[in-house]
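Oh and the sequence shown: position 313 is 313 in the UniProt record's numbering, straight run, nothing missing. One structure is given below, encoded as structure tokens.
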Amino acid sequence: MNIASPSPCSSSSSFPSALPWLSLLPLPPSPSTSTTSSKPARPFSLRAQPTATDLSLPSDKKTNDDQTLLSLLRQRKTEQAWTLYSQSPHLPTPTCLSRLVAQLSYQATPQSLARARTIITRLRNERQLHRLDANSLGLLASASAKSGHTLYASSLIKSMLRSGYLPHVKAWSAVVSRLSTESPSESISLFDSVTRRVRRFADPSIVADSKPDTAAYNAVLNACANLGDKSKFLKLFDEMHEWGCEPDVLTYNVMIKLCARADRKDLLVFVLERIIERGIRFCMTTLHSLVAAYVGFDDLETAEKIVQAMREGRNDLCKILRDANLEDLKQAKEDDDYDDYDLEDEKEEDMEDLSKKKIDDVVFEKLLPNLIEPSSEPLLLPKVYAPNSRIYTTLMKGYMKAGRVTDTVRTLEAMRHQDDKASHPDHVTYTTVVSAFVKAGLMDRAREVLAEMTRIRVPANRITYNILLKGYCQQLQIDKAKELLREMADDAGIKPDVVSYNILIDGCILIDDSAGALVFFNKMREQGITPTKISYTTLMKAFALSGQPKLANKVFDEMLRDPRVKVDLVAWNMLVEGYCRLGLVEEAKKVIQRMKENGFYSNVATYGSLVNGIAVARKPGEALLLWKEIKERCEMKEEGKNSYSDSPPPLKPDEGLLDSLADICVRAAFFKKALEIVACMEENGIPPNKTKYKKIYVEMHSRMFTSKHASQARQDRRIEKKRAAEAFKFWLGLPNSYYGSEWEYEPPQR
């Protein structure tokens, strides 16, 4: 049975309730093999060999039900077949079960996939999973990946391998493809697992349907490109010939992405020329990938030249890219001449960059042989290509990112006047223009674009409305955002999603309206929209910032009870922030202790909230304990203390955290600790704010240790503290005991 490869899709979710069975699958009976046979043993089968394991006595009703179910399935009456299956107390035959799962998977609707998973769960509970064949399981994995349930699909493929089944290449490559963007490392791991199993068969014809094809390699190469793993990319690229796979234009499109990830803009022209050299069938996606790469490099000038050349009907794009490389080399040489100084640190960094570039060159020279011996003249494209709306829109996104609103609008106007309909603006183009106006704060212009979309019958989508909602919220125009939400649902017929409500909840935070945030959260749930992790943490933020930590705690507890949401460090930090804003340090420390018990360690944000709470509560002694913990975490990297899995990871403090700690210590006259913190700041390349600390010292401690009536015993006790104060004054540049003379400020003579 052919299994169609699913197209990529942006949504993702998982079904944890269906995962436990994956590690408990019973192995099917091993096929009997003769020890004297010359054929190798086959530990993995291509199809499940169903065996009758139902020990119940046969009955006429059971037989009739199975025959009726099979008849319905053959007539493609899947709905009626499901009804009959769900009402039957016994398990149907393996043929009926496999066919039912396959047809439900083929429908690929949320309801049908949920039903297919129900069958899997039932078979797992009754330890009858061996009744399903490889095709039905593979089709379910493929459909699950297509619908966004990538974790479930990946686990299903792995369970098939553990059970001795080899899925069809269309099934497992669909999962690899989806994982390549969501979890590239997992994508590579799954690809390696399948190919390892396939290699165990000496006869290639046996595994012809499961061995990797070019599409499978393109998927895993895309995962390598997303990770920027050049060595693994080269290894897999070289393996393609082993399986009889030839690189196609999509393979080289992925290579363009790899060059971008490796920050090698100079190699893009060689990828293009390699495609032309090998006579690979060209497509517009390659040109789009090139434009997207230059936009990603913020090289809008070269991207503009490519698009303009395409508009003029030129096919000498390779010459344009070579000229761009020469300009970059010339500019780099000028920069090197300007920045020519002999700092050892800079020399070491330059040597590291040079070494890294040499390693990259070895990899890319193997991927692109024309890099060693390029053609004497730039190659020409096989034919002329006119830019389509996708290429124009990509260039417009570059303008939007750079804040060039005028150029964005000008490009839109140019697209409108193109003769080729493929170059006319679509909803993505108009949404890009809307986004550019929103980013520039021009909400009226953005609404005009939305009105024009309605007038010319280019329907806006949910993304367009969400961008507008975010724009109104950023400008604190919540009433207009609410009105737009109504128009979105009533006039445009577009149902708001969880992103829409998250934007509105966040907008309420900006105007300090925690009650309004709660209203939107409840309204979202009333409409059957499942809150995400962002929904919970944003609502917690609303209560934390409004001084209601107990309500934030209630939201957190509800988040813990929601099985669809996994609590992360952001949620814990928001809870800590809520208590610290009111100076409730002890409650915050209890939360941090719970956090540790749940496997989460404090990060810079956690410590930053705690420091602010200590300042509000005016408990400087707590700051000393906190600094001790932070100091130990900072020293871990140097001493290698993080070798144990149960120890917290090393910490790299930021300016805000250390400055706040130093501020507390200076105000509390903990000068020795303040100097330690200052030293830590300098070690991490953070310039201490001497002006602020000097002002604090002069205002609060300038008369310290000046009393002439203190007893000798008291003076002796203060010797160490006085020495620390003198050292701190020395660091500030104030008069201190290290100098033999005093100075005082005199106004300049006029």
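The beta carbon of each residue, even a glycine, is placed where N, CA and C say it ideally should be. Bear in mind the structure is a predicted one, so any value in this text is a computation, not a measurement.
Contact check, alanine 141 vs alanine 153, beta carbons under 8 Å: yes
Alpha-carbon spacing of glycine 547 relative to phenylalanine 728, whole angstroms: 37 Å
C-beta contact flag for valine 616 and glycine 583 at 8 Å: yes
Proximal residues to arginine 525 (C-beta, below 8 Å), its chain only, five neighbours per side dropped: Pro531
Valine 307 versus lysine 319 - alpha carbon distance: 14 Å
Cα-Cα separation, valine 555 to alanine 517: Roughly 12 Å separates the two Cα atoms.
Extent of the continuous alpha helix (DSSP H) to which methionine 240 belongs: Careful: methionine 240 lies outside any alpha helix (DSSP H) and carries neither H nor E.
Whole-angstrom distance between threonine 538 and glutamine 527, CA atom to CA atom: If you take the alpha carbons of glutamine 527 and threonine 538, they lie about 19 Å apart.
Residues near cysteine 283 in its chain [Cβ-Cβ closer than 7 Å; skip 5 each side]: Val249
Option in Asp654, Arg667 and Lys672 with minimal Cα separation from glycine 685: Asp654
Alpha-carbon spacing of aspartate 420 relative to isoleucine 391, whole angstroms: 14 Å
Collapsed DSSP secondary structure at asparagine 370 in the structure displayed: Residue state, collapsed to three classes: helix.
C-alpha gap between arginine 131 and threonine 109, whole angstroms: 24 Å
Nonlocal neighbours in the same chain, by C-beta distance under 8 Å from asparagine 253, ignoring five residues either side: Thr285, Thr286 and Ser289
CB-CB length for proline 167 against asparagine 226, believed under 8 Å: About 23 Å; that fails the 8 Å criterion.
For methionine 700 and arginine 723, believed in contact at Cβ under 8 Å, the rounded distance: Actually they are not in contact, since the Cβ atoms of arginine 723 and methionine 700 sit about 19 Å apart, beyond 8 Å.
Lysine 596: first and last residue of the uninterrupted alpha helix (DSSP H) it sits in: 585-597
Inter-residue Cα distance where the pair is glycine 403 and alanine 440: 7 Å
Contacts around residue 765, its chain only, beta-carbon distance under 7 Å, and the 5 residues preceding and following it disregarded: Only positions 1 to 750 of the chain appear in the structure, and residue 765 is not among them; the question remains open.
Isoleucine 630 versus aspartate 568 - alpha carbon distance: 21 Å
Span of the alpha helix (DSSP H), counted from its first residue to its last, around residue 778: Because residue 778 is not part of the residues shown, which for the chain are 1 to 750, the question remains open.
Contact check, phenylalanine 233 vs cysteine 245, beta carbons under 8 Å: no
Histidine 417 - containing alpha helix (DSSP H), residue span: DSSP places histidine 417 in no alpha helix (DSSP H); its state is neither H nor E.
Leucine 343 to valine 698 span [Cα, whole Å]: For leucine 343, the pLDDT reaches just 45, beneath the cut-off of 50, and the residue's location in the model is therefore unreliable, leaving the point undetermined.
Close beta carbons around valine 428, own chain, < 6 Å, minus the five adjacent residues each side: In chain order, Thr393 place their CB closer than 6 Å to the CB of valine 428, counting only its own chain and leaving out the 5 sequence neighbours on each side.
CA nearest to the CA of leucine 675, picked from Leu734, Ala725, Gly656 and Leu626: Ala725
Contact check, serine 136 vs lysine 158, beta carbons under 8 Å: Not a contact, by the Cβ cut-off of 8 Å.
Candidates Ile206, Arg264, Ser210 and Lys383: closest to phenylalanine 191 by CA position: Ser210
Within 8 Å, strictly: CB atoms of aspartate 328 and arginine 264: Their beta carbons are not under 8 Å apart, which means aspartate 328 does not touch arginine 264 by this criterion.
Residue environment, arginine 127, which counts as buried when at least 16 other CB atoms sit within 10 Å: exposed
Status (buried if at least 16 other CB within 10 Å, exposed otherwise) for alanine 202: exposed
Inter-residue Cα distance where the pair is aspartate 65 and serine 163: 29 Å
Rounded separation between proline 425 and arginine 178 - CA only: 29 Å
Cβ neighbour criterion (16 or more within 10 Å) applied to isoleucine 719: Exposed, by the Cβ-count rule.
Reduced DSSP category for proline 212 - H, G, I as helix; E, B as strand; rest coil: coil
Rounded distance between the beta-carbons of phenylalanine 521 and proline 374, thought under 8 Å: Rounded, the Cβ-Cβ distance is 59 Å, inconsistent with contact.
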